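Visitor: Let me give you the structure first, and then I'll get to my questions.
Numbering (the UniProt record's numbering), first residue to last: 1 to 268.
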């Protein structure tokens, strides 16, 4: 895990998961140093001790006021329970559905939750965070937000891509990734993480991109991609083509058995 300065007032807690034959999928959480500090997502369960140590090197977790959960998938919730203990003044920002999904494992005290729907704003002292639904998502509880002070867009899983190495996963900008590899990785990610995109109405999907196009944020932060600076047009051009991508079909049982056989030690 690395700490990366990725936008004004934002430090990325950058982790990565190795995926056989694909490379590394970045897994990012973000600390937004607003007047009322905001942690965006809570990392992987397996990385929780390191995650909490890295976060503590940036600020005392007790000073957190908000934990913004973009959605309750396991790669976003790894340290949630610990953080609610370590940050007793912090409230968990999510949707009603997000709260429900989290509470399937262990109820979240309602007084610790702040429900925020797309179109609504959260006042964090020196700025407003405006909630929106990203164009691509894999959970009905997904939201992202725009920072009114800096214009930075936090897009949750949207725009993600596997990259060739852990170093690229920890890069400070997508410019480190060769353009052809980036586009191919993002198209693959779109069909894996949001498989519905290959079956949508193309006109309606293009229309869903317009709010982001009009805002043209100077920085787009994704949970699964290095920061994208001054790249909104480029990212949206890629996304506009996502419905035309070939649907992803994963390995079947025969492929799994072949992989397992290849991993068996050879007899001598």
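From the three backbone atoms N, C-alpha and C, an ideal C-beta is built for every residue, glycine too.
Since we're looking at a predicted model, the values are computed, not measured.
Excluding the 5 residues flanking residue 185 on each side, which residues of the same chain have their C-beta closer than 6 Å to its C-beta?
Guide: For the purposes of this step, residue 185 is taken as residue 185 along the chain shown, with counting starting at 1. Only 161, 162 meet the Cβ criterion.
Visitor: Starting from residue 247, trace the alpha helix (DSSP H) both ways and give me its first and last residue.
Guide: Taking the chain shown and counting its residues from 1, the one referred to as residue 247 is at position 247. Premise fails: residue 247 is in no alpha helix (DSSP H) and is neither H nor E.
Visitor: Determine the burial state of residue 19: buried for a count of at least 16 other Cβ atoms within 10 Å of its Cβ, exposed for fewer.
Guide: Locating residue 19 in the chain shown gives position 19, counting from the first residue. Per the 10 Å Cβ criterion, exposed.
Visitor: Below 8 Å, can you find three or more Cβ-Cβ pairs linking the region 235-248 to the region 51-61?
Guide: Counting Cβ pairs under 8 Å, fewer than three are found: no touch.
Visitor: So what does DSSP say about residue 186, is it helix, strand or coil?
Guide: Position 186 of the chain shown holds residue 186. Helix.
Visitor: Taking 8 Å as the limit between beta carbons, can you name the residues of its chain near residue 80, skipping five residues before and five after?
Guide: Reading the chain shown from its first residue, position 80 is the one you call residue 80. Excluding positions up to five away in sequence, the list reads 42, 67, 69, 92, 102.
Visitor: Where do the N-terminal and C-terminal ends of the beta strand (DSSP E) with residue 18 fall, by residue?
Guide: The sequence position of residue 18 within the chain shown is 18, counting from 1. Segment 10-19, the beta strand (DSSP E) holding residue 18.
Visitor: Let me know the secondary structure DSSP gives residue 89 once reduced to three states.
Guide: Here the question's residue 89 lines up with position 89 in the chain shown. Coil.
Visitor: By how many angstroms is the C-alpha of residue 82 removed from the C-alpha of residue 14?
Guide: The sequence position of residue 14 within the chain shown is 14, counting from 1. The sequence position of residue 82 within the chain shown is 82, counting from 1. Taking the straight line from one Cα to the other gives about 19 Å.
Visitor: Tell whether a beta-carbon distance below 8 Å holds between residue 72 and residue 98.
Guide: Position 72 of the chain shown holds residue 72. Position 98 of the chain shown holds residue 98. Cβ atoms of residue 72 and residue 98: closer than 8 Å.
Visitor: For residue 142, which of 32, 84, 223 has the nearest alpha-carbon?
Guide: On the chain shown, position 142 is the one that residue 142 refers to. When only C-alpha atoms are compared, the closest one is 223.
Visitor: Go to residue 29, then tell me how far its beta strand (DSSP E) extends in each direction, as first and last residue.
Guide: By 1-based counting over the chain shown, the position of residue 29 is 29. Taken as a continuous stretch (DSSP letters only), the beta strand (DSSP E) holding residue 29 covers 23-32.
Visitor: Kindly provide the ranges of any beta strand (DSSP E) runs that are 3 or more residues long and lie completely inside the region 198-241, ordered along the chain.
Guide: List check, beta strand (DSSP E) in window: 219-222, 225-229.
Visitor: Can residue 229 be considered in contact with the ligand ADP, in the sense that its beta carbon sits closer than 7 Å to one or more heavy atoms?
Guide: For the ligand ADP, the structure offers nothing, since it holds no ligand at all.
Visitor: Hey, could you find the ends of the beta strand (DSSP E) residue 3 is sitting in?
Guide: Sequence index remark: in the chain shown, residue 3 carries index 3 (1-based). Segment 2-7, the beta strand (DSSP E) holding residue 3.
Visitor: Can you check whether the CB of residue 226 is closer than 8 Å to the CB of residue 258?
Guide: The residue labelled residue 258 in the question sits at position 258 within the chain shown. The residue labelled residue 226 in the question sits at position 226 within the chain shown. Not a contact, by the Cβ cut-off of 8 Å.
Visitor: Check each candidate in 95, 219, 22, 77 and name the one with the smallest Cα separation from residue 10.
Guide: As a working mapping, residue 10 is identified with position 10 in the chain shown. Ranking the options by Cα distance to residue 10, first place goes to 219.
Visitor: Can you tell which of 204, 17, 26 has its C-alpha closest to the C-alpha of residue 172?
Guide: Within the chain shown, residue 172 is the residue found at index 172, counting from 1. That would be 26, whose Cα lies nearest to the Cα of residue 172.
Visitor: If I'm right that residue 228 touches residue 190 with Cβ under 8 Å, what's the distance once you round it to whole angstroms?
Guide: Position 228 of the chain shown, counted from the start, is the residue given in the question as residue 228. Position 190 of the chain shown, counted from the start, is the residue given in the question as residue 190. No, residue 228 and residue 190 are not in contact; Cβ-Cβ is about 15 Å, not under 8 Å.
Visitor: I'd like the list of long-range same chain contacts for residue 51, defined as Cβ closer than 8 Å, with 5 residues on each side in sequence excluded.
Guide: What you label residue 51 is simply residue 51 of the chain shown in a count that begins at 1. Excluding positions up to five away in sequence, the list reads 1, 13, 15, 29, 42, 43, 44, 78, 79.
Visitor: Go through its chain and collect everything with a Cβ distance to residue 216's Cβ below 7 Å, but skip five positions before and after it.
Guide: Along the chain shown, one-based indexing puts residue 216 at 216. Correct list, in chain order: 232.
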